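Engineer: Protein sequences appear in the order of chains Y and A.
Note that the working numbering has the first sequence beginning at 42, numbered continuously upward.
Note that the working numbering has the second sequence beginning at 43, numbered continuously upward.
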Amino acid sequence: MSSNGRSGSADPIDRLRKDDATPEAPTAPALKAVGGVAGWLDDRTGAAKPVGYLMKKVFPEHWSFMLGEVAMYSMIICLLSGTFLTFWFVPSAGQVVYDGSYLPLRGITMSEAFRSTVDISFDIRGGLLIRQIHHWAALMFIVALSVHMLRVFFTGAFRKPREINWVIGCILSMLALVEGFAGYSLPDDLLSGTGLRAAEGFMRSVPVLGSYLSFALFDGPFPGEAIIPRLFSIHVLLLPAILVGLFTAHIGLVFVHKHTQFPGPGRTNDNVVGFPVMPVYAAKAGGFFFIVFGVISLISGLVTINPIWAYGPYDPSPVTAGSQPDWYMGFADGALRLLPGWLEFTAFGFTFSFNVMIGAILLIPVMYGLMAVYPFLERWVTGDTREHHLLDRPRNNPTRTGLGMAALTAYGVLMFAAGNDLMAIKLHLSINDITHILRAAFFIAPPLVFWVTKRICLSLQRKDRDLVLHGRETGRIIRTADGKFFEQHEPLDEFTRWNLVQHDPHEVLTLERATDEHGVVSPTARKDKARSALSRFYFSDSINPVTPAELAAAHHDGHGHESIGAIEASDDETRPALESARREPPKRP
Amino acid sequence: MSEHDTPHGEVVGTGDGYGSTAVRLDQGHVEGTGGLPARFEDPGLPPHVARMADLDEKGAKRAEKQVAALFGLSSLGTILFIVAYFAIDPEKSGFIPGIGNASIYNVVLGITMALALLGCGVGAVHWAKTLMPDSESVEYRHTQRASDEDRQRVVTNLMDGGEKAQLGRRPLIKFSLAGALALPPLAILLPLVGGLGPLPKDQLSTTMWKKGDRLVRDPERTPIRADQVTIGSVFHVLPESIKDSEHVLEDKAKAAVLLMRLNPEDIKPQKERDWGHEGIVAYSKICTHVGCPVGLYEQQTHHLLCPCHQSTFDVTQDCKVIFGPAKRPLPQLKITVDSEGYLVADAPFREAVGPSFWERGSA
Chain Y
42 MSSNGRSGSA DPIDRLRKDD ATPEAPTAPA LKAVGGVAGW LDDRTGAAKP
92 VGYLMKKVFP EHWSFMLGEV AMYSMIICLL SGTFLTFWFV PSAGQVVYDG
142 SYLPLRGITM SEAFRSTVDI SFDIRGGLLI RQIHHWAALM FIVALSVHML
192 RVFFTGAFRK PREINWVIGC ILSMLALVEG FAGYSLPDDL LSGTGLRAAE
242 GFMRSVPVLG SYLSFALFDG PFPGEAIIPR LFSIHVLLLP AILVGLFTAH
292 IGLVFVHKHT QFPGPGRTND NVVGFPVMPV YAAKAGGFFF IVFGVISLIS
342 GLVTINPIWA YGPYDPSPVT AGSQPDWYMG FADGALRLLP GWLEFTAFGF
392 TFSFNVMIGA ILLIPVMYGL MAVYPFLERW VTGDTREHHL LDRPRNNPTR
442 TGLGMAALTA YGVLMFAAGN DLMAIKLHLS INDITHILRA AFFIAPPLVF
492 WVTKRICLSL QRKDRDLVLH GRETGRIIRT ADGKFFEQHE PLDEFTRWNL
542 VQHDPHEVLT LERATDEHGV VSPTARKDKA RSALSRFYFS DSINPVTPAE
592 LAAAHHDGHG HESIGAIEAS DDETRPALES ARREPPKRP
Chain A
43 MSEHDTPHGE VVGTGDGYGS TAVRLDQGHV EGTGGLPARF EDPGLPPHVA
93 RMADLDEKGA KRAEKQVAAL FGLSSLGTIL FIVAYFAIDP EKSGFIPGIG
143 NASIYNVVLG ITMALALLGC GVGAVHWAKT LMPDSESVEY RHTQRASDED
193 RQRVVTNLMD GGEKAQLGRR PLIKFSLAGA LALPPLAILL PLVGGLGPLP
243 KDQLSTTMWK KGDRLVRDPE RTPIRADQVT IGSVFHVLPE SIKDSEHVLE
293 DKAKAAVLLM RLNPEDIKPQ KERDWGHEGI VAYSKICTHV GCPVGLYEQQ
343 THHLLCPCHQ STFDVTQDCK VIFGPAKRPL PQLKITVDSE GYLVADAPFR
393 EAVGPSFWER GSA
């Protein structure tokens with residue numbers, strides 16, 4: 042187009058340009074404020090719309106929602122402090138003679154990895170603090186994400202639509218263990234080297250491929266010079282990339298689903314009640330990052346962790362008593378201590394080392410596999426296809442809570458087993474006895490804990506019902522005109538009551554006829570049978586929330602006992618102790 | 043919402059209004075008829091309780107000062123950190139009550155850094171809790187599922203795309219594409235896997251030990267005369283040829299041996315006595331469980347204990363496993379004395395030392 046188009050109006054393209062014109066100057070002061078850089082950015086990205094939306098996004102509040110935050114912040118602290126460490130750490134198994142400032146190690150042959158770690162601890166100003174921050178933050182990361190997982194499990198937050206996020210979380214958690222192990226193996230000190238020595242033994246236990254795996258990873262016989270640089274690359278590049286990627290997906294899905302919330306008055310399955318990001322959560326969550334970082338740096342300043350200079354460099358010959366991995370590997374180490382030797386046997390000229398393989402190779406994937414599958418199992422049992430955004434109070438799903446506690450107990454037994462030698466020394470017990478008891482406990486304790494937990498949950502539910510039906514004990518003793526005494530009960534206000542009656546009752550799935558009208562067995566008969574059996578296992582003795590009719594009956598004078606008896610027939614008990622409570626609350630004078 | 047100030051009202055009301063008709067044993071229903079709903083109704087958000095700072099400007103002013111003080115503390119922490127970084131001698135250690143001897147430098151850096159971070163964090167949270175709005179907002183959810191039209195569009199677009207690309211009509215392309223996508227990763231994986239490490243061959247089954255190799259102390263590497271090994275003593279031992287090794291750690295990891303002298307009458311198996319020398323016996327130090335050095339010898343009971351997983355071996359019974367997760371006994375090294383009275387190996391290990399592996403029995 043030639044320049045004469047500008048003055049004329051015939052050309053549609055030029056007209057468009059004319060209309061397009063200069064953007065109008067912002068009029069309101071608020072708009073003026075987003076001029077400058079923000080305006081420049083929005084002109085090029087259109088970010089104002091999503092950012093404006095995110096700023097007003099509402100998050101519900103509960104202390105347990107901060108566990109995931111602690112994990113997230115600890116991970117960020119690990120990334121920051123870890124980057125710092127890479128500037129000085131030398132990932133090499135090449136042997137050198139130490140001549141640094143830490144006198145007790147002078148003249149000792151060690152790997153460059155070990156020397157550089159000692160240098161970070163003694164010769165880089167503030168290096169020790171950062172090293173300890175890195176290690177403590179890693180421990181905090183795994184503690185926080187584990188407790189976060191427990192919170193999600195026990196409150197049923199893994200239910201639809203969050204199953205994918207639960208699976209992502211399981212993978213994150215498993216990789217965090219590997220990342221931690223790779224990290225504490227890097228300094229190549231005596232303790233971590235012994236850990237790698239054991240890891241090499243673990244690999245050998247894999248049938249057929251064991252020795253090939255070991256030689257592939259260690260580039261020849263143990264220890265070799267390859268493992269340190271390879272673990273380094275896994276620890277600082279491969280796993281962090283996967284962790285950060287999965288974490289981004291994890292938090293992204295939290296945004297998409299909107300956070301779950303605990304039930305309460307006004308909090309429904311269709312809304313989120315809480316505070317907006319701007320300004321409340323920006324301040325609270327932002328401030329919380331600094332609090333987590335502050336607490337970790339305080340611990341790192343005051344409490345020594347992994348003093349590798351005291352262990353010395355790795356040497357395959359010596360070892361220290363009480364060798365133990367970091368806490369999160371404790372359960373696997375404990376499993377190895379409990380597995381009996383007879384699980385190793387020779388057949389067809391080949392060696393099957395199940396005494397090692399079960400604990401070292403199979404345990405972790407199987408454990409995380411079961412965890413990842415659980416939401417799908419529960420959904421199959423309940424047949425529930427609804428979305429769930431309201432959390433369960435753990436007592437309101439006694440079977441799930443019991444199963445979770447049973448699993449936690451099995452984990453705890455294994456973890457204790459990893460300290461069988463220390464317990465024997467500190468408690469003056471026989472290590473053999475401790476080990477035998479823990480072996481038995483691994484099988485006996487979880488069912489026992491399941492049963493106890495379930496009973497506690499059912500009792501708590503009964504207590505909730507009791508509170509709703511008969512109110513709170515006021516401690517006021519009333520004497521009636523004819524000389525009777527009883528304690529006055531005060532009905533709950535509707536907000537308190539709602540917390541105790543809001544949940545949905547559970548129903549056992551009943552088995553439909555296994556055969557059709559022609560007597561042909563349904564193709565899904567066996568599956569249905571299993572499903573209905575599981576449903577009975579979950580819900581046959583469930584206690585349901587009080588209904589208005591039951592409350593009315595509880596307050597009804599005269600036939601009160603009889604009516605309540607009918608309602609609570611499912612509880613299978615009589616409750617003489619509650620007799621006084623069933624009276625009409627007398628009016629105070 | 044309106045009933046929150048008369049919480050008793052509803053309870054008394056239901057009791058009075060429906061009591062006699064609501065639930066009876068003979069009627070046998072728990073959910074309501076006769077005017078009662080099946081479930082309780084959500085009473086809605088509870089009334090907002092105002093904070094001190096909302097009601098009283100003085101309270102707000104106080105909160106402001108507290109927040110500012112915390113932020114100020116944070117800056118102070120940073121300044122102290124910088125001062126400490128330069129002023130304190132990193133090598134100085136001192137006694138700190140409740141902790142013991144510690145590096146003063148590290149402790150002060152940690153505390154000042156914590157001050158800087160906590161002041162900032164606690165200040166921000168306190169600000170949010172006292173001065174920022176505390177009445178809750180409500181946001182509505184929608185189901186995750188997209189609308190049927192959107193789902194249909196995806197399917198249509200996908201089918202349409204496939205059709206326009208003539209995927210269905212040209213099977214040759216379809217199948218060759220599958221190969222072209224599936225196979226190239228092999229070109230990346232092969233060099234990775236192939237280059238990782240050598241094949242084990244017999245390296246897991248052999249050690250440095252050979253006939254005539256002297257037993258030397260670890261780490262001094264001095265030879266041991268039989269008469270230096272008193273009853274009850276234990277020596278950590280390596281082969282003398284370790285000095286010529288080009289891969290010291292790797293050879294050590296397989297060849298490490300424990301040497302003990304027992305009263306010959308305490309030794310039960312004849313083979314163990316024959317492979318030793320006057321009650322002096324040598325066993326591989328590498329645990330047959332997962333390979334930790336079996337470093338703990340109990341002189342009185344003649345038990346060897348692995349510190350990693352507590353496998354216990356009885357030296358009087360050819361190092362049989364008497365407790366713990368290991369299965370196989372520690373392999374014995376056959377020893378004798380040379381012409382000068384020094385202990386030497388009489389033969390290499392007869393079996394693979396260390397943890398089990400698949401083809402162990404066949405090697």
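We treat Cβ as the ideally placed atom computed from N, Cα and C, and that holds for glycine.
Every value quoted in this text rests on a predicted model; they were computed, and no experiment measured them.
#1: Taking the alpha-carbon of HIS184 of chain A as reference, which of Y:SER471, Y:LEU287, Y:ARG427, Y:PHE578 has the nearest alpha-carbon?
#2: Would you say the region 131-141 of chain A touches the region 210-230 of chain A, given that touching needs at least three Cβ pairs under 8 Å?
#3: Confirm, please, whether the CB-CB distance from ARG441 of chain Y to GLY109 of chain Y is below 8 Å.
#4: Return the chain-ordered list of same chain residues with a C-beta closer than 6 Å to the C-beta of PHE263 of chain Y, the five sequence neighbours on each side being excluded.
#5: Quick check on the burial criterion: 16 or more other C-beta atoms within 10 angstroms. Buried or exposed for GLY315 of chain Y?
#6: Kindly identify the DSSP beta-bridge partner or partners of TYR182 of chain A.
#7: Is the Cβ of ASP462 of chain Y closer than 8 Å to any Cβ of chain A?
#8: Touching or not, the region 89-101 of chain Y and the region 114-125 of chain Y, by the rule of three or more beta carbon pairs under 8 Å?
#9: Taking three-plus beta-carbon pairs below 8 Å as touching, is the region 570-589 of chain Y in contact with the region 531-542 of chain Y?
#10: If you pair each beta-carbon of the region 229-247 of chain Y with each one of the region 303-322 of chain Y, do three or more pairs fall below 8 Å?
#11: Is it right to say GLU614 of chain Y is buried, meaning 16 or more other beta carbons lie within 10 angstroms of its own, or is it exposed?
#12: Once the 5 residues before and after PHE491 of chain Y are set aside, which same chain residues still bring their CB inside 6 Å of it?
#13: I'd like to confirm the pairing. Which residues does DSSP put opposite MET302 of chain A in its beta bridges?
#14: Would TYR253 of chain Y count as contacting chain A if we go by Cβ distances under 8 Å?
#15: Is there a Cβ of chain Y sitting closer than 8 Å to that of ASN148 of chain A, yes or no?
#16: Quick one: does MET302 of chain A have its CB under 8 Å from some CB of chain Y?
#17: Residues in its own chain within less than 6 Å of LEU411 of chain Y by CB, not counting five upstream and five downstream?
#18: Taking Cβ positions, are LYS376 of chain A and TRP317 of chain A nearer each other than 8 Å?
#19: Looking at the structure shown, is GLN208 of chain A part of a helix, part of a strand, or coil, going by DSSP?
#20: Using a Cβ-Cβ cut-off of 7 Å (strictly less than) and excluding sequence neighbours within five positions of ALA126 of chain A, which residues of its own chain qualify?
#21: Near LEU380 of chain Y, which residues of its chain fall below 7 Å by C-beta distance, leaving aside the five closest residues on each side in sequence?
#22: According to DSSP, is THR556 of chain Y part of a helix, a strand, or is it coil?
#23: Could you give the distance in angstroms between the alpha-carbon of LYS296 of chain A and the alpha-carbon of ILE121 of chain A?
#24: Count the other CB atoms within 10 Å of the CB of THR556 of chain Y; is the residue buried (16 or more) or exposed (fewer)?
#25: Report the three-state DSSP secondary structure of HIS71 of chain A (helix, strand or coil).
#26: How would you write the range of the alpha helix (DSSP H) that THR154 of chain Y sits in, first residue to last?
#27: Let's see if you can read the secondary structure: which residues bound the alpha helix (DSSP H) around VAL490 of chain Y?
#28: Could you give the uninterrupted runs of the alpha helix (DSSP H) lying entirely in the region 256-309 of chain Y, keeping only those of 4 residues or more?
#29: Kindly indicate if chain A contains any beta-carbon less than 8 Å away from that of ASN312 of chain Y.
#30: At which residue ranges does the region 170-248 of chain Y contain complete alpha helix (DSSP H) runs of 4 or more residues, listed in the order of the chain?
#31: For LYS504 of chain Y, decide whether its Cβ has a neighbour in chain A, counting only Cβ atoms nearer than 8 Å.
#32: Under the three-state reduction of DSSP, which class applies to GLN529 of chain Y: helix, strand or coil?
#33: Would you identify the three-state DSSP class for THR378 of chain A, choosing helix, strand or coil?
#34: Quick one: residues in its chain with C-beta nearer than 6 Å to the C-beta of ARG506 of chain Y, no 5 flanking neighbours on either side, listed in chain order?
#35: Closer than 8 Å, CB to CB, is HIS345 of chain A near chain Y or not?
#36: With a 10 Å radius around its C-beta and 16 neighbouring C-beta atoms as the bar for buried, classify TYR114 of chain Y as buried or exposed.
Structural biologist: In short, the structure shows the following:
#1: Here residue 184 of chain A corresponds to residue number 142 of the second sequence, with the count starting at 1. Nearest of Y:SER471, Y:LEU287, Y:ARG427, Y:PHE578 to HIS184 of chain A, Cα basis: Y:ARG427.
#2: no
#3: Position 68 of the first sequence, counted from the start, is the residue given in the question as residue 109 of chain Y. Position 400 of the first sequence, counted from the start, is the residue given in the question as residue 441 of chain Y. No, they are not a contact pair.
#4: Position 222 of the first sequence holds residue 263 of chain Y. Its chain contains GLU241 as the residues whose beta carbon lies nearer than 6 Å to that of PHE263 of chain Y, once the 5 sequence neighbours on both sides are disregarded; these appear in chain order.
#5: Residue 315 of chain Y sits at position 274 when you count from the first residue of the first sequence. So GLY315 of chain Y ends up on the buried side.
#6: The residue you call residue 182 of chain A lines up with position 140 of the second sequence. Its beta-bridge partners are Y:ASN312.
#7: Reading the first sequence from its first residue, position 421 is the one you call residue 462 of chain Y. Taking Cβ atoms only, chain A reaches closer than 8 Å to ASP462 of chain Y, which makes this a yes.
#8: no
#9: yes
#10: Output reads no: the region 303-322 of chain Y does not touch the region 229-247 of chain Y.
#11: The residue labelled residue 614 of chain Y in the question sits at position 573 within the first sequence. Low per-residue confidence applies at GLU614 of chain Y: pLDDT is 38, beneath 50, and the placement is therefore not dependable enough to give any value.
#12: As a working note, residue 491 of chain Y is residue 450 in the first sequence. Cβ neighbours of PHE491 of chain Y beyond the five flanking positions: GLY443, ALA447.
#13: The residue labelled residue 302 of chain A in the question sits at position 260 within the second sequence. Paired residues: A:VAL276, A:VAL323.
#14: In the first sequence, residue 253 of chain Y corresponds to position 212, counting from 1. Closer than 8 Å to some Cβ of chain A, the Cβ of TYR253 of chain Y qualifies, so yes.
#15: Along the second sequence, read from residue 1 onward, the residue named residue 148 of chain A stands at position 106. By this cut-off, ASN148 of chain A is an interface position.
#16: Residue 302 of chain A sits at position 260 when you count from the first residue of the second sequence. For MET302 of chain A, the answer is no, since every Cβ of chain Y falls outside 8 Å of its Cβ.
#17: Counting from 1 along the first sequence, the entry for residue 411 of chain Y is found at position 370. Hits under 6 Å: none found.
#18: For the purposes of this step, residue 376 of chain A is identified with residue 334 of the second sequence, where counting begins at 1. For the purposes of this step, residue 317 of chain A is identified with residue 275 of the second sequence, where counting begins at 1. Against a cut-off of 8 Å, the Cβ pair of TRP317 of chain A and LYS376 of chain A comes out as a contact.
#19: Here residue 208 of chain A corresponds to residue number 166 of the second sequence, with the count starting at 1. Looking at GLN208 of chain A - three-state DSSP - the assignment turns out to be coil, as it is neither helix nor strand.
#20: Walking along the second sequence from the start, residue 126 of chain A turns up at place 84. These residues qualify, in order along the chain: VAL150, LEU151, THR154.
#21: Working through the first sequence from its first residue, we reach residue 380 of chain Y at position 339. Cβ within range, chain order: ASN396, ILE399, GLY400.
#22: Position 515 of the first sequence holds residue 556 of chain Y. Strand, per DSSP.
#23: Looking up residue 296 of chain A in the second sequence gives position 254. Looking up residue 121 of chain A in the second sequence gives position 79. Straight-line Cα distance between these residues: approximately 54 Å.
#24: As a first step, residue 556 of chain Y is located in the first sequence; it is residue number 515 there, counting from the start. Exposed, by the Cβ-count rule.
#25: Along the second sequence, read from residue 1 onward, the residue named residue 71 of chain A stands at position 29. Note that HIS71 of chain A scores a pLDDT of 39, beneath 50, so its modelled location is shaky and nothing firm can be said.
#26: Your numbering for residue 154 of chain Y matches position 113 in the first sequence. The amino acid occupying residue 154 of chain Y in the given sequence is Ala; Thr does not appear at that position. Element bounds for ALA154 of chain Y: 153-163.
#27: In the first sequence, residue 490 of chain Y corresponds to position 449, counting from 1. Its alpha helix (DSSP H) spans residues 472-511.
#28: 268-274, 280-298
#29: Within the first sequence, the letter at position 271 stands for residue 312 of chain Y. Yes, contact with chain A.
#30: 204-226, 231-245
#31: Position 463 of the first sequence, counting from 1, holds the residue named residue 504 of chain Y. So no, LYS504 of chain Y is outside the interface.
#32: Position 488 of the first sequence, counted from the first residue, corresponds to residue 529 of chain Y. DSSP places GLN529 of chain Y in strand when its eight states are reduced to three.
#33: For this step, residue 378 of chain A is matched to residue 336 along the second sequence. The three-state secondary structure of THR378 of chain A, taken from DSSP, is strand.
#34: The residue given as residue 506 of chain Y occupies position 465 in the first sequence. Correct list, in chain order: VAL587.
#35: The residue given as residue 345 of chain A occupies position 303 in the second sequence. False, the Cβ-Cβ gap to chain Y never drops below 8 Å.
#36: Stepping through the first sequence from its first residue, residue 114 of chain Y is reached at position 73. TYR114 of chain Y should be labelled buried.
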